[in-house]
Amino acid sequence: MAVIRSVIRGVGAYLPKRIMTNDDFSRIVDTTDAWITERTGIKQRHIAAEDELTSDLGIAAAKQALVRSGIDPGDIDLIICATATPDRTFPATAVRIQAGLGITNGAAFDVQAVCSGFVYAMTTADNFLKTGLFKRAIVVGAETFSRILDWSDRGTCVLFGDGAGAVVLEAQPQKGTRDDRGVLSARIRSDGRYEDLLYVDGGPGSTKTTGHLRMNGREVFRHAIQKISGVIEETLVETGYAAEEIDLYVPHQANQRILDGIAKRLGVNPNKIMSTLAKHGNTSAASIPLALNQAFEEHRLKEGNLVLMEAMGGGFTWGAVLARW
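The numbering of the sequence shown is the working numbering, which starts it at 160 and goes up by one.
Okay, structure coming up:
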């Protein structure tokens with residue numbers, strides 16, 4: 160039976176010009192390149208310029224994705240931006256991206272699920288496209304996490320970077336089989352009991368300030384492997400694929416040990432796990448589309464490939480999207 164699938168037509172990314180290495184951090188906090196690399200796998204990260212907004216990063220990534228898709232901006236009728244670092248409390252960063260792209264039709268809004276944001280945004284866009292309410296969407300993950308870091312806390316400030324990635328989705332009829340192109344499965348979850356393990360200690364409704372990121376790294380690490388592996392296994396059961404049949408895993412980039420732990424638990428070759436941590440650090444909602452873009456530019460994505468994107472973020476939130484390229 161014919162169905163509508165959300166097919167990925169293009170991918171794009173943007174990274175700020177400024178690069179901060181681990182050695183740079185050793186002059187700010189009590190740390191070393193060896194300490195950071197051993198515990199996280201991160202060697203450097205990009206930091207937005209003072210005059211660069213989250214929307215600026217998102218616009219640049221979306222423009223590249225549109226060029227690669229071959230779709231005219233005027234044919235886009237839905238924009239969803241996943242971000243935890245919006246330009247303003249309101250309006251949504253997505254509407255600023257919409258304006259920056261010269262799009263005046265359709266709808267634009269933000270999704271806030273922290274590091275799981277891109278998975279949540281993809282799931283939301285997929286459901287809108289499948290219903291026929293919209294035809295073509297841009298899903299953006301964009302963050303300027305450097306703006307909410309406590310630069311005296313070596314346990315968190317060394318982990319994060321800024322950047323943006325985007326994909327263009329188009330509703331297309333498919334045969335309704337496991338061989339279809341497009342999004343084949345999307346699953347999102349949350350459990351608010353773990354809020355205090357990863358959060359920002361401020362907000363307009365509480366402290367009237369932006370606040371800084373706070374994290375219990377040990378507990379987040381433990382939950383991440385468990386919850387991400389669990390949602391991957393659920394996705395595989397739902398679609399009938401075995402772990403080794405997935406051509407490329409594109410997880411949220413939080414810690415190399417987490418990526419290695421997921422590969423071990425699933426019993427898959429670590430070479431199938433896309434890793435951009437060394438160059439990007441943790442870019443929250445931007446990390447999956449940034450990694451997806453790097454995989455595309457390295458020719459690791461071919462038409463027909465099965466790609467599994469998965470993440471866990473503050474809340475806790477987590478989820479996975481399986482798509483055929």
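Glycine included, every Cβ here is placed at the ideal spot set by N, Cα and C.
Cβ contact (3+ pairs, closer than 8 Å) linking the segment 283-299 and the segment 321-329: A contact exists between the segment 283-299 and the segment 321-329.
Alanine 193: buried (16+ other C-beta within 10 angstroms of its C-beta) or exposed? Here residue 193 refers to the residue found at position 34 of the sequence shown. So alanine 193 ends up on the exposed side.
I need the straight-line Cα distance from glutamine 271 to glutamate 404, nearest angstrom please. Along the sequence shown, one-based indexing puts residue 271 at 112. Along the sequence shown, one-based indexing puts residue 404 at 245. C-alpha separation (whole angstroms): 31 Å.
Which term fits histidine 411, buried or exposed, when burial requires 16 or more other beta carbons within 10 angstroms of its beta carbon? Your numbering for residue 411 matches position 252 in the sequence shown. By the neighbour-count rule (16 or more Cβ atoms within 10 Å), histidine 411 is buried.
Who are aspartate 321's beta bridge partners in DSSP? In the sequence shown, residue 321 corresponds to position 162, counting from 1. The partner list for aspartate 321 (beta bridge, DSSP) reads Thr303.
Nonlocal neighbours in the same chain, by C-beta distance under 6 Å from threonine 501, ignoring five residues either side: Residue 501 cannot be examined here, being either before or after the span of the chain that is shown, 160 to 484.
For valine 273 and alanine 444, believed in contact at Cβ under 8 Å, the rounded distance: Working through the sequence shown from its first residue, we reach residue 444 at position 285. Working through the sequence shown from its first residue, we reach residue 273 at position 114. Yes, they are in contact, since the Cβ atoms of alanine 444 and valine 273 sit about 7 Å apart, within 8 Å.
Under 8 Å Cβ to Cβ from aspartate 236, same chain only, skipping five residues before and after it: list those, please. By 1-based counting over the sequence shown, the position of residue 236 is 77. Closer than 8 Å at the Cβ level, and outside the excluded window around aspartate 236, lie Asn264, Gly265, Ala266, Phe293, Lys294, Arg295 and Ala296.
Nearest residue (CA-CA) to threonine 190, options Leu318, Glu302, Thr290 and Ala219: In the sequence shown, the residue the question calls residue 190 occupies position 31. Answer by Cα proximity: Leu318.
If I measure Cβ to Cβ from isoleucine 432 and keep anything under 6 Å in the same chain, skipping five residues before and after, which residues do I get? Stepping through the sequence shown from its first residue, residue 432 is reached at position 273. Take isoleucine 432, set aside five residues on each side of it, and the residues of its chain with a beta-carbon closer than 6 Å to its own are Tyr408, Leu418 and Ala422, in chain order.
Reference arginine 177, options Pro232, Ile206, Ala161 and Pro429, closest by Cα: For the purposes of this step, residue 177 is identified with residue 18 of the sequence shown, where counting begins at 1. It is Ile206 whose Cα lies nearest to the Cα of arginine 177.
In terms of alpha-carbon separation, which member of Ala470, Gly474 and Phe475 lies closest to leucine 121? In the structure as shown, the chain begins at 160 and stops at 484. Residue 121 is therefore absent and cannot be evaluated.
Endpoints, beta strand (DSSP E) assigned at valine 254: As a working note, residue 254 is residue 95 in the sequence shown. Premise fails: valine 254 lies in the alpha helix (DSSP H), 252-259, not in any beta strand (DSSP E).
In the DSSP assignment, what are the bridge partners of methionine 281? For the purposes of this step, residue 281 is taken as the residue at position 122 of the sequence shown. The partner list for methionine 281 (beta bridge, DSSP) is empty, contrary to what the question assumes.
Cutting at 6 Å between CB atoms, please list the residues of its own chain near alanine 241, excluding the five before and the five after it. By one-based count along the sequence shown, residue 241 stands at place 82. Excluding sequence neighbours, alanine 241 sits near Val270, Gly276, Phe277, Ala280, Gly300 and Ala444.
Provide the residue span of the beta strand (DSSP E) that contains leucine 467, from first to last. As a first step, residue 467 must be located in the sequence shown, where it is residue number 308. Segment 465-472, the beta strand (DSSP E) holding leucine 467.
Between which two residues does the beta strand (DSSP E) carrying threonine 476 extend? Locating residue 476 in the sequence shown gives position 317, counting from the first residue. Membership of threonine 476 in the beta strand (DSSP E) is indicated by the continuous run 476-483.
Drop a sphere of 10 angstroms on the beta-carbon of tryptophan 310, count the other beta-carbons inside from all chains shown, and report buried for 16 or more, exposed for fewer. As a working mapping, residue 310 is identified with position 151 in the sequence shown. By the neighbour-count rule (16 or more Cβ atoms within 10 Å), tryptophan 310 is not buried but exposed.
In terms of residues, what are the limits of the alpha helix (DSSP H) holding threonine 315? Working through the sequence shown from its first residue, we reach residue 315 at position 156. Under the DSSP assignment, threonine 315 falls in the alpha helix (DSSP H) whose first and last residues are 313-316.
By DSSP, does proline 232 sit in helix, in strand, or in coil? The residue you call residue 232 lines up with position 73 of the sequence shown. In the three-state reduction of the DSSP assignment, proline 232 falls in the helix class, which pools H, G and I.
Might you give, ordered along the chain, the residues of its own chain that have their beta carbon closer than 7 Å to the beta carbon of glycine 376, omitting 5 neighbours on each side? Within the sequence shown, residue 376 is the residue found at index 217, counting from 1. Counting only Cβ-Cβ distances below 7 Å, and skipping sequence neighbours, we find Gly314.
How many angstroms separate the CA atom of isoleucine 163 from the CA atom of glycine 291? On the sequence shown, position 4 is the one that residue 163 refers to. On the sequence shown, position 132 is the one that residue 291 refers to. Rounded to the nearest whole angstrom, the C-alpha separation of isoleucine 163 and glycine 291 is 8 Å.
Range covered by the alpha helix (DSSP H) that runs through proline 448: For the purposes of this step, residue 448 is taken as residue 289 along the sequence shown, with counting starting at 1. Where proline 448 is concerned, the enclosing alpha helix (DSSP H) starts and stops at 446-456.
Can you tell me which of the three DSSP states asparagine 286 falls into? The residue you call residue 286 lines up with position 127 of the sequence shown. The answer is helix: DSSP assigns asparagine 286 an H, G or I state.
Does leucine 439 pass the burial test, meaning 16 or more other C-beta atoms within 10 Å, or should it be called exposed? The residue you call residue 439 lines up with position 280 of the sequence shown. The sequence given here has histidine at residue 439, not leucine. It is buried - the Cβ of histidine 439 has at least 16 other Cβ atoms within 10 Å.
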